[in-house]
Amino acid sequence: KGGKAVRLFKSHRDGVADGEQKRDFIYIDDAVAVMRWLLGTPSVSGIFNVGTGQARSFRDLIAAMFRALGREPAIDYIDMPAAIRNQYQYFTEAKVENLRRAGYNAGFTPLEEGVNRYVTLFLNQPDRYR
Numbered sequence: 040k041g042g043k044a045v046r047l048f049k050s051h052r053d054g055v056a057d058g059e060q061k062r063d064f065i066y067i068d069d070a071v072a073v074m075r076w077l078l079g080t081p082s083v084s085g086i087f088n089v090g091t092g093q094a095r096s097f098r099d100l101i102a103a104m105f106r107a108l109g110r111e112p113a114i115d116y117i118d119m120p121a122a123i124r125n126q127y128q129y130f131t132e133a134k135v136e137n138l139r140r141a142g143y144n145a146g147f148t149p150l151e152e153g154v155n156r157y158v159t160l161f162l163n164q165p166d167r168y169r
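The opening residue of the sequence shown carries number 40 in the working numbering; numbering runs sequentially from there.
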């Protein structure tokens, strides 16, 4: 929001372009909805992954953020610290089959919509902590 470029780690893995590292980003309201459903469904128990089941790139996330702000994307790719290069996860995606089998059938907010809500309903508010 301050007009600066976002910094993302460069890729240090063959076949993965800078910014194409992927995570299963979930909108907070969706995570809360799953938790409320679990609390309200005492017959269901177990260990469940909570996510959308669809990994998206950090580049996708940043593009959605800049779009919501009405700006052109500005990304600076920086070297990943050597200390974490061998442990860095280039892909994480929640396997939500157990959650679905347990009966949770609500949809998940698309990344672009969740980012837009965050920007318009929180970041762009004059007093965002109220």
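Quick reminder that beta carbons are idealized off the backbone N, C-alpha and C, glycines included.
**OP:** May I ask you to verify whether the stretch 73-83 touches the stretch 40-53, counting CB pairs closer than 8 Å and requiring at least 3?
**Re:** Under the 8 Å Cβ criterion, the stretch 73-83 does not count as touching the stretch 40-53, having fewer than three qualifying pairs.
**OP:** Give a yes or no on whether the C-beta atoms belonging to A113 and A56 are separated by under 7 Å.
**Re:** Here residue 113 refers to the residue found at position 74 when the sequence shown is read from its first residue. Here residue 56 refers to the residue found at position 17 when the sequence shown is read from its first residue. For A113 and A56, no; Cβs fall outside 7 Å.
**OP:** Measuring alpha carbon to alpha carbon, tell me which of V154, Q126 and Y66 ends up nearest T91.
**Re:** Here residue 91 is taken as the residue at index 52 of the sequence shown, counted from 1. Looking at the Cα atoms, Y66 is the closest of the given residues.
**OP:** Find out if the Cβ-Cβ distance for the pair A107, N155 is shorter than 7 Å.
**Re:** Within the sequence shown, the letter at position 68 stands for residue 107. Within the sequence shown, the letter at position 116 stands for residue 155. In contact: A107 and N155 (Cβ atoms closer than 7 Å).
**OP:** Look at the alpha carbon of T159 and the alpha carbon of G42, and state the distance between them as a whole number of angstroms.
**Re:** For the purposes of this step, residue 159 is identified with residue 120 of the sequence shown, where counting begins at 1. For the purposes of this step, residue 42 is identified with residue 3 of the sequence shown, where counting begins at 1. So the two alpha carbons sit approximately 17 Å from each other.
Subject >> Residue range of the alpha helix (DSSP H) that includes Y157 >> reply: The residue labelled residue 157 in the question sits at position 118 within the sequence shown. Element bounds for Y157: L150 to Y157.
Subject >> Proximity below 7 Å, CB of L162 to CB of A103 >> reply: Taking the first residue of the sequence shown as position 1, residue 162 is located at position 123. Taking the first residue of the sequence shown as position 1, residue 103 is located at position 64. It is not a contact, given that the beta carbons lie outside the stated cut-off.
Original post:
In three-state terms, what does DSSP make of D115?
Top reply: Taking the first residue of the sequence shown as 1, we reach residue 115 at position 76. DSSP, reduced to helix, strand and coil, places D115 within a strand of the structure shown.
Subject >> Cβ neighbours of D115 in the same chain (closer than 8 Å, five flanking residues each side left out) >> reply: The sequence position of residue 115 within the sequence shown is 76, counting from 1. A44, V45, R46 and L47.
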